[in-house]
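Engineer:
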DNA sequence: TATGAATGAGCATTCATTCAT
DNA sequence: AATGAATGAATGCTCATTCAT
């Protein structure tokens, strides 16, 4: 049996880790396909290539399974989004272009299969797992807002955006991006063309800059 | 006992419209409480005060039941929203104030129990009933966007907003309102104070006006 | 409302009689199509073009409905069969030909839709309505055996068949006809060609005559 | 408790073949008692001493359950019948006696509980499972006819029956046995005495021999 | 640890039957 | 007499979960 060295430094049997991960992946796939209530543990076990009781051995419960699968997906989605925001660290000379670039990439991430499924699943189970929402939002939207706010704050400091509450600016920029996108994609049930996505990104950035760009220097 | 004495004092057949509506109302209540998959027809029947087969007599299917209940709720929500937008028809002298008023009222509607539940349910079942999403979005968000666009177009014509695409303006104003609100209410799992709601409304309108207000008249 | 004179001589409202008959016909059609357990009263009502409670008004019960429908069908089938046997009253010179003719016609009747359905339904419900079997058999198979026995007795008396128990002869002739036919038609699930039907009839009569024909007159 | 001590004294896994067979047996018992449509899976499960889902685990469907139960019963009945026919392989000196013996034994088998139930069930469901009829007939009546034809062919070859089509002879002999028996037992709803059964057997063989016995040897 | 097998609880749906009109 | 509406009682089937190996 192969083994890997876990972050903690202890040897851990690899088969175990692999299997747990396989189950979580399978779970997210199935939950995304059917929704929580309609998913059955048997299908998840099949997808993961293990027997049903093995799923229970590793993850106790359908509910626990759901929580872990969702959290894993949230982390993955967030990593992608943070990478996009990070690009604003070196915006170059053309601020508008940099923002549009970030906006477009972010929309692409948000329209991805996993991102959509995550949103749909958390939204759907809001009533049953309110604390899960809290966790997921904390690790995704809120965290993303903070990261973006950091960048915008720097841009204010460097005089490229006017001073003001960067959290609010970030919140609104995100809203200007995701709101229209959700509407146009009909909550993800309709394909939005690249061109239209670009339009949304450009319009969002345009409005954002009108509202938040520093007054043109040199204006009397 | 098949007839009841209505408040008006006349005998009214209990059976007909009455019961169908009661079932639809009960269905929405239960679906909102449990989600589609977790709701059982028996509970809906209980909530409506009828026997289970009566539900089937009137509405064929669990699916049909869902569709009709959702559509009815969508229409109700939309009526409220349209009434709010309609107020912009006579904005008075203070445009900002008028917009803030509308914005605040709209947020109130969107945070209402029914509105939230509607959003949650449609989102959750997006995969299973894509055409339902289309219908509901058509009757709510899109319709609302159009109505708002109408108002904004008028305001452009009368020179109070700068010229431009009113549909995009409406789309963005709505995004600036609902996006931050969803975030702060954690998709509706957390209560947002009146004060905070007002803040969101004010911030949205502020950003909107910066981007869309007509250049100050008298500027050369 | 139109009225007819019933056999008893009293005036009877026609609508009533018509409707009852329509229901019985519809019932047999549906029972034949689905079997007893799988038939639902609603489908019978639809087939008869009346409302469900009307069926109950006329026939009390699903069970009663079944019994009456079956009995009516049994009488109809029997009338056909008796007519066929009756032809033996004047057998003409060629006894073999007369028997083959009767045999073929009888097979045709027994393979008819109604006859088959009747057999299938009574057989199927033998456990649930044993007395119904008794009644139906009495009005069909047994009665047919008696009628045939009558004819055969006459043929014995006139010296064209050898003396013996005509009831047994009739019973065996019928068995030689229906047994092979049921086998070849796979209990009615397979079409039997006219030619094959003729073969069965001829073979049955041939065997029957070998066993029952009077010794050739004039043999020393 | 998952293991029982078998009569042999060894521990035997309770779960496997054991249970499947118990379910099939129980299914046939219940189907025979109530008919297909009136049988409910719960009752079968009770009869088998297992939980309802166990039935589904092993046999998928009510329909599948029916098919397998019927086929098993068909095989069992056929084995009995073939054993009876096999006795004709050594007919001894007295052909008539040998045939009568076989005939009587065959009637006993055909009047047995299982045989009757099998006939009733297949007949009843002819419309719903036509292919099942085909299978069952193939494994029972047709197979039996062939086996009997084999024996009769040998008897022809050895000069004890006159030459001719042995398949037809077999078909007719079987018809002469089962036809009258069904009639007299009222499709199995009435007990037929041993004496009467013997009479039917004797009459059938008598008629058969008249028609099929070789001409008395020594006749010029 | 992994699993084949078993099960208690539940759910959508159907149907025979009955009221009240 | 005929019917629209309503319902109590089943029934087939699924699923999360647990044993015993």
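Chains as they are written, first to last, in UniProt numbering: chain A, 1 to 220; chain B, 1 to 220; chain C, 1 to 220; chain D, 1 to 220. Backbone N, C-alpha and C define an ideal beta-carbon position, used for all residues, glycine too.
#1: Counting only beta-carbon separations shorter than 9 Å, does residue 42/C have a partner in chain D?
#2: Output needed for residue 107/C: all residues of its chain with C-beta closer than 7 Å, excluding positions within five of it in sequence on either side, in chain order.
#3: When you compare the CB positions of residue 211/B and residue 211/A, do they come within less than 9 Å of one another, or not?
#4: Assign residue 187/B to one of three DSSP states: helix, strand, or coil.
#5: Would you check if the stretch 18-33 of chain A and the stretch 64-72 of chain A touch, i.e. whether three or more CB-CB distances between them fall below 8 Å?
#6: Which partner residues does residue 213/D have in the DSSP bridge list?
#7: Thinking C-alpha only, which one of 160/B, 184/B, 172/B and 137/B is nearest residue 185/A?
#8: Please go through the same chain and pick out, in chain order, the residues whose beta-carbon is closer than 8 Å to the beta-carbon of residue 111/A, but skip the five residues on each side of it.
#9: Using the C-alpha atoms, what's the distance from residue 119/D back to residue 132/D?
#10: Can you give me the Cβ contacts of residue 96/A inside the same chain, cut-off strictly under 7 Å, excluding the 5 residues immediately before and after it?
#11: Just reading off the alpha helix (DSSP H) that residue 107/A is part of, what are its end residues?
#12: Suppose the cutoff is 6 Å on Cβ atoms and the five residues either side in sequence are ignored; what does the same chain contact list for residue 169/C look like?
#13: From residue 103/C to residue 141/C, what does the alpha carbon distance come to, in whole angstroms?
#14: Give the DSSP-derived three-state secondary structure of residue 138/A in the structure shown.
#15: For chain C, is any of its Cβ atoms less than 9 Å away from the one on residue 45/D?
#16: Counting only beta-carbon atoms, is residue 75/C nearer than 9 Å to chain D?
#17: For residue 58/C and residue 18/C, I'd like the C-alpha separation in whole angstroms.
#18: Distance check for residue 53/D and residue 61/B, CA to CA, integer angstroms please.
#19: Taking contact to mean 3 or more Cβ pairs, one atom from each stretch, closer than 8 Å, check whether the stretch 29-42 of chain D and the stretch 36-45 of chain C are in contact.
#20: For residue 66/B, decide whether its Cβ has a neighbour in chain A, counting only Cβ atoms nearer than 9 Å.
#21: By how many angstroms is the C-alpha of residue 70/A removed from the C-alpha of residue 122/A?
#22: Using 9 Å as the threshold, is the C-beta distance between residue 166/A and residue 147/A below it?
#23: Run through DSSP, which three-state label would residue 156/C get?
#24: I need the DSSP call for residue 166/D, collapsed to helix, strand or coil.
#25: Which value, in whole angstroms, describes the spacing of the CA atoms of residue 6/C and residue 115/C?
#26: Is the Cβ-Cβ distance between residue 79/B and residue 49/B less than 9 Å?
#27: If I'm right that residue 183/A touches residue 171/B with Cβ under 8 Å, what's the distance once you round it to whole angstroms?
#28: Applying a beta-carbon distance threshold of less than 7 Å, which residues of chain C neighbour residue 210/D?
#29: Using the Cα positions of residue 81/C and residue 73/C, report the straight-line distance between them to the nearest angstrom.
#30: How far does the alpha helix (DSSP H) with residue 74/A in it reach, from first residue to last?
#31: Measure from the alpha carbon of residue 130/B to the alpha carbon of each residue in 179/A, 190/A, 143/A and 194/A, then state which is nearest.
#32: Alpha carbon to alpha carbon, how far is residue 156/B from residue 207/B?
#33: 9 Å is my cut-off, CB to CB: does residue 29/C come that close to chain D?
#34: Residues of the stretch 174-197 of chain C in Cβ contact with chain D at a cutoff of 7 Å, in chain order, please.
#35: Using the C-alpha atoms, what's the distance from residue 163/B back to residue 86/B?
#36: Report the neighbours of residue 120/B on chain A: residues whose CB is nearer than 8 Å to its CB, in chain order.
Structural biologist: The relevant details are as follows:
#1: In the third chain, residue 42/C corresponds to position 42, counting from 1. No, because no Cβ of chain D sits closer than 9 Å to the Cβ of residue 42/C.
#2: Residue mapping note: residue 107/C aligns to position 107 of the third chain, counting from 1. Excluding positions up to five away in sequence, the list reads 177, 181, 197, 200 and 201.
#3: In the second chain, counting from the first residue as 1, residue 211/B sits at position 211. In the first chain, counting from the first residue as 1, residue 211/A sits at position 211. Contact: yes.
#4: Sequence index remark: in the second chain, residue 187/B carries index 187 (1-based). Of the three classes helix, strand and coil, the one that applies to residue 187/B here is coil, per DSSP.
#5: yes
#6: Residue mapping note: residue 213/D aligns to position 213 of the fourth chain, counting from 1. Beta-bridge pairing links residue 213/D to 161/D.
#7: Taking the first chain and counting its residues from 1, one reaches residue 185/A at position 185. Answer by Cα proximity: 137/B.
#8: Here residue 111/A is taken as the residue at index 111 of the first chain, counted from 1. These residues qualify, in order along the chain: 181, 185, 188, 192 and 197.
#9: Within the fourth chain, numbered from 1, the residue matching residue 132/D stands at position 132. Within the fourth chain, numbered from 1, the residue matching residue 119/D stands at position 119. Taking the straight line from one Cα to the other gives about 12 Å.
#10: Mapped onto the first chain, residue 96/A falls at position 96. Excluding sequence neighbours, residue 96/A sits near 205 and 209.
#11: Here residue 107/A corresponds to residue number 107 of the first chain, with the count starting at 1. That run of the alpha helix (DSSP H) goes 95-111.
#12: Within the third chain, the letter at position 169 stands for residue 169/C. Hits under 6 Å: 152 and 212.
#13: Within the third chain, residue 103/C is the residue found at index 103, counting from 1. Within the third chain, residue 141/C is the residue found at index 141, counting from 1. If I take the Cα positions, the gap works out to 15 Å.
#14: Numbered from 1 along the first chain, position 138 holds the residue referred to as residue 138/A. It is helical.
#15: The residue labelled residue 45/D in the question sits at position 45 within the fourth chain. It does not: the Cβ of residue 45/D has no partner Cβ on chain C nearer than 9 Å.
#16: The residue given as residue 75/C occupies position 75 in the third chain. No, residue 75/C lies away from the interface with chain D (no Cβ there is under 9 Å from its Cβ).
#17: Mapped onto the third chain, residue 58/C falls at position 58. Mapped onto the third chain, residue 18/C falls at position 18. One C-alpha to the other measures close to 11 Å.
#18: In the second chain, residue 61/B corresponds to position 61, counting from 1. In the fourth chain, residue 53/D corresponds to position 53, counting from 1. Looking at the two C-alpha atoms, the distance is approximately 25 Å.
#19: yes
#20: The residue labelled residue 66/B in the question sits at position 66 within the second chain. So, not an interface residue.
#21: For the purposes of this step, residue 122/A is identified with residue 122 of the first chain, where counting begins at 1. For the purposes of this step, residue 70/A is identified with residue 70 of the first chain, where counting begins at 1. Their backbone Cα atoms lie some 8 Å apart in a straight line.
#22: Along the first chain, read from residue 1 onward, the residue named residue 166/A stands at position 166. Along the first chain, read from residue 1 onward, the residue named residue 147/A stands at position 147. No.
#23: Along the third chain, read from residue 1 onward, the residue named residue 156/C stands at position 156. Reduced to three states, the DSSP call for residue 156/C is helix.
#24: Translated into positions along the fourth chain, residue 166/D becomes position 166. Residue state, collapsed to three classes: helix.
#25: Working through the third chain from its first residue, we reach residue 6/C at position 6. Working through the third chain from its first residue, we reach residue 115/C at position 115. With a pLDDT of only 42 at residue 6/C, under 50, the local geometry of the prediction cannot be trusted, and no value is derived from it.
#26: Working through the second chain from its first residue, we reach residue 79/B at position 79. Working through the second chain from its first residue, we reach residue 49/B at position 49. Not closer than 9 Å, so no.
#27: Taking the first residue of the first chain as position 1, residue 183/A is located at position 183. Taking the first residue of the second chain as position 1, residue 171/B is located at position 171. Correct: roughly 6 Å between the Cβ atoms.
#28: As a first step, residue 210/D must be located in the fourth chain, where it is residue number 210. Within 7 Å Cβ-Cβ: 210 and 211.
#29: Walking along the third chain from the start, residue 81/C turns up at place 81. Walking along the third chain from the start, residue 73/C turns up at place 73. Going from the Cα of residue 81/C to the Cα of residue 73/C covers about 12 Å.
#30: To locate residue 74/A, count along the first chain from 1; it is residue 74. Start and end: 62-86.
#31: Residue mapping note: residue 130/B aligns to position 130 of the second chain, counting from 1. Residue 190/A is the option with its Cα nearest to residue 130/B.
#32: Position 156 of the second chain, counted from the first residue, corresponds to residue 156/B. Position 207 of the second chain, counted from the first residue, corresponds to residue 207/B. If I take the Cα positions, the gap works out to 17 Å.
#33: Stepping through the third chain from its first residue, residue 29/C is reached at position 29. False, the Cβ-Cβ gap to chain D never drops below 9 Å.
#34: 174, 175, 176, 178, 179, 180, 183, 186, 187, 188 and 189
#35: For this step, residue 86/B is matched to residue 86 along the second chain. For this step, residue 163/B is matched to residue 163 along the second chain. Their backbone Cα atoms lie some 21 Å apart in a straight line.
#36: Residue mapping note: residue 120/B aligns to position 120 of the second chain, counting from 1. Those within 8 Å of residue 120/B in chain A are 123, 124, 126 and 127.
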